[in-house]
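Just below is one structure, and these are the notes that go with it.
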Amino acid sequence: MNDNATLQRRQAQVAALRGAEPSFGLWNAVTPTVALELAARQHFDYVCVDWQHGLIDYADVIQSLIVIDAAGSTPIVRVPGNNANDIGKALDAGASAIIVPLINTADEARAAVRATRYPVSGGARSYGPMRAEHLLGADPRTVDKTVALFVMIETQQGLDNLDAIVSVDGVDGVYIGPYDLSLGLGAQVPFEPAILPKLEASVEHIRSTVTQAGKIAGIHTPNGEAAAKRAQQGFNVITVTTDVSLLAEAAAEQLAIARQRED
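The working numbering numbers the first residue of the sequence shown as 7 and each following residue consecutively.
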């Protein structure tokens, strides 16, 4: 029920995420609007819909994925947790990749893998690909090859089990959320100065371990300058900023310019 060009585009997008060249993305955290479409059309390699912390519900997730597809970016969803139902619904809506937060053990990683794969591939995903069927077709064997899975390491326990987690077959990579990781390492508030050396050492440890395992190293950054540095460091999947930050910073910048000229 899909057209072959759409399937080929999705396959190429997932292959790019798994490739050696950096992929730069945008984080979608608010209700999808024309603003998201305009931002997504600026040639971001991917846009990730934040269903965990974003101010959105499942209906918004679907609309965001439609907008992202129309803009030509790779659609990714960070699900609320390691829940098979939520993972399945994100894939049914048309996500090409899933980010699962707070993975602490290899068993949890294996559960996430099972949720993204149909039984024919050894998984436990329930069949009902609503929108995805029209994008990728109805054959589970084909669909399973067009899904990428990232797990998030955000705690000391996750760090302790990193080698076992990245060795799980079906885990494509690790996506680092520095805010939660800093709290997981003992910070009272995100990026507490006293924790920064330990945080940066942990970030590099994750990157090197993931890369040596032949997997994808991803990370969240606040701006383009930080994203460029992470790319130079060797990260493959790098979120440049969020739609919330873009709106707030652009509004503040233009207001400051106006008031400065008024003076």
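Using N, Cα and C, we set each Cβ at its ideal position, and we do this for glycine too. These figures come from a predicted structure and were not determined experimentally.
Helix, strand or coil: which one does DSSP assign to Met7?
-> Low confidence applies here, because Met7 scores a pLDDT of 49, under 50, leaving its location unreliable and the question unanswered by this model.
Minimum C-alpha distance to Ile105 - residue among Ala96, Gln163, Pro199, Thr37 = Ala96
Considering only the beta carbon of each residue, do Ala121 and Gly94 sit closer than 8 Å?
-> yes
Use the C-beta contact count for Met158: other C-beta atoms within 10 angstroms, 16 or more gives buried, fewer gives exposed.
-> buried
Spatial neighbours of Ala233 in its chain, beta-carbon cut-off 7 Å, leaving aside the 5 residues before and after = Phe30, Thr227, Ile244, Val246
At what residue ranges does the region 173–261 contain a whole run of the alpha helix (DSSP H), taking only runs of 4 or more?
-> List check, alpha helix (DSSP H) in window: 184–190, 202–218, 230–239.
Shortest alpha-carbon distance to Val53 belongs to which of Ala101, Ala11, Leu13?
-> Checking every option, the nearest Cα to that of Val53 belongs to Ala101.
Does the beta-carbon distance from Val209 to Pro184 come in below 8 Å?
-> yes
What is the DSSP secondary structure of Ile93, reduced to helix, strand or coil?
-> helix
From Asn91, Asp178, Met136, Phe197, pick the residue whose C-alpha is nearest to that of Thr152; which is it?
-> Asp178
How big is the Cα-Cα spacing for Ala223 and Ala262?
-> 37 Å
Excluding sequence positions up to five away, which residues of its chain have a Cβ less than 6 Å from the Cβ of Asp92?
-> Excluding sequence neighbours, Asp92 sits near Val85, Pro86.
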